[in-house]
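A.B. asks: Numbering (the UniProt record's numbering), first residue to last: 1 to 402.
Quick one: structure below, then a few questions.
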């Protein structure tokens, strides 16, 4: 727009000068305000534009993930509010088994034990719960006690003894809360946490105990599928029988672990353990997809060489005196990968692909974490006192046999 031409007027010079100064001052003020507004607003526009793809990507990821791990939220949130976000998503899990009545000599359903579980997904008319395998192991039936006290029938989607995890499903009627899982990779020592579960049974349902993260450990455990080493979050929040399968949450109300183990010995207190959410996620997703965990296997029964006497090591197995560790084969399953490769009873495995194997647990850990079904591996073994190598092509096995 063209500006109106400035014409001289007969007004005295001082007044004309004053008008010009006022106009100049107004122009400068306008420019300053406009620049400030631009400086204030522009970053917001830019932030909104740059945030949009991220939010869209997160939305897409949440839609495709079975058990999404959210970025760790601000953990300075009030713990009471955090507990209220999760408490109603923690349920009771009842293991029902057939037991013979002493007087009638008839089998009937009876409660064999109780534990806890966490609702992690609600889809249509179905809700999904993660719990510990040992909570539902051996059950003929499983019931879930909801936050409103109602008990409903649960179906087992899948279970894995080695990682002590299982997934259940129930009708979604009555389910009001679904827990949000945080990424346990970002958990820090000393961070405040709370354990929610049903210690000593459903009469104490959704009991809350508070503590801190005491450490991150790798611990040996014995399971119905054999010995294993499991990564855990250690906490001093009280975890008692019945808490198994419940939630360990941070102060932002995110589940960072599934409570699993407790050292319950005389004089030992303040040692509770939870399976980190980063380890829960892949197991839950495979159980949801396949109903089982597909692991490579050899098809052998094993014992630790270190547990054998010197007479057995040097006499029966004919090992050199320098070989005191390894995994000794006690039996080979017919038509298994081990049988196809020619492995025999009394063979002693001391390495896989050049990596030393000093125990049965180490062998399992290598197979399950560093190999896949269809891989061809090279075993270093001792047979009749001589070291040799054998190549084995791994196959899948539905259970957790080595």
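Glycine is no exception: its CB is placed at the ideal position from the N, C-alpha and C atoms.
(1) If you follow the beta strand (DSSP E) that residue 295 is part of, which residue opens it and which one closes it?
(2) Along the alpha helix (DSSP H) that carries residue 318, what are the first and last residues, could you check?
(3) Taking Cβ to Cβ, would you say residue 187 is nearer than 9 Å to residue 221?
(4) Any beta-carbon of chain E closer than 9 Å to the one on residue 95?
(5) Starting from the C-beta of residue 306, find all residues in its chain whose C-beta is less than 6 Å away, skip the five residues before and the five after it, and write them out in chain order.
(6) So residue 343 packs on residue 157, CB below 8 Å; how close in whole Å?
(7) Which term fits residue 391, buried or exposed, when burial requires 16 or more other beta carbons within 10 angstroms of its beta carbon?
(8) Rounded to a whole number of angstroms, what is the C-alpha to C-alpha distance between residue 396 and residue 130?
(9) Quick check: what's the CA-CA separation for residue 146 versus residue 246?
(10) In chain order, what residues of the same chain have a beta carbon less than 6 Å from the beta carbon of residue 172, not counting five sequence neighbours either side?
(11) Can you tell me whether residue 10 is buried or exposed, with buried defined as 16 or more other CB within 10 angstroms of its CB?
(12) Determine the closest residue to residue 416 out of 321, 206 and 108, with distance taken between C-alpha atoms.
(13) If we call anything under 9 Å between Cβ atoms a contact, is residue 370 one with residue 362?
(14) With DSSP run on the structure shown, which of helix, strand or coil describes residue 139?
(15) Please determine if the stretch 137 to 155 and the stretch 282 to 297 are in contact, where contact requires at least 3 C-beta pairs separated by less than 8 Å.
(16) Between the stretch 130 to 143 and the stretch 90 to 108, can you find at least three pairs of beta-carbon atoms closer than 8 Å?
C.D. replies: Result, derived from the coordinates:
(1) 295 to 297
(2) Counting along the chain, residue 318 falls outside any alpha helix (DSSP H), and DSSP gives it neither H nor E.
(3) no
(4) Of the protein chains in this structure there is only one, and it is not chain E.
(5) 325
(6) So it is not a contact: roughly 35 Å between Cβ atoms.
(7) exposed
(8) 25 Å
(9) 13 Å
(10) 122, 125, 126 and 127
(11) Low per-residue confidence applies at residue 10: pLDDT is 44, beneath 50, and the placement is therefore not dependable, though the value from the model is reported in the following sentence. With fewer than 16 Cβ atoms within 10 Å of its Cβ, residue 10 is classed as exposed.
(12) Residue 416 falls outside the range modelled here, since the chain spans only 1 to 402, and no answer is possible.
(13) no
(14) coil
(15) no
(16) yes
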